[in-house]
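Worksheet for the structure shown next.
Residue numbers (this note's numbering): 315 to 407.
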């Protein structure tokens, strides 16, 4: 396994779990942690964006150019994470 793949896997897993926990904190009303969940979810997103920047730098690629394809991929990823969080909440309640 290449170094950039391993680093991306570790940082992506940590960021994804933190983001999912934040979304669960927001959506489960019994926990009464909506504002804390937003903060935790935002920290998870920052970690995931950091992973993207670190991976591109490790591969020696230029920074991300914003075009329609890139925006679509980000929207798909965010929707997937939100659906995962809703599914986790439905199984936990």
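Note that CB positions come from ideal geometry on N, CA and C, so glycine has one too.
Predicted model only: the values in this text are computed from it and were never measured.
Neighbourhood of residue i by C-beta distance below 8 Å, restricted to the same chain and skipping five residues each side
i           : result
residue 334 : 358, 395, 398, 399, 402
Residue from the options whose Cα sits closest to the Cα of residue i
i           : options            : result
residue 356 : 372, 331, 321      : 331
residue 391 : 375, 378, 363, 405 : 363
residue 319 : 341, 385, 404, 365 : 365
Continuous alpha helix (DSSP H) stretch holding residue i: start and end
i           : result
residue 389 : 382-406
residue 374 : From DSSP, residue 374 is part of no alpha helix (DSSP H); its letter is neither H nor E.
residue 317 : 317-341
DSSP-derived helix/strand/coil call for residue i
i           : result
residue 347 : coil
Expected contact under 8 Å - CB spacing of residue i and residue j to nearest Å
i           : j           : result
residue 337 : residue 345 : That pair is no contact at about 12 Å.
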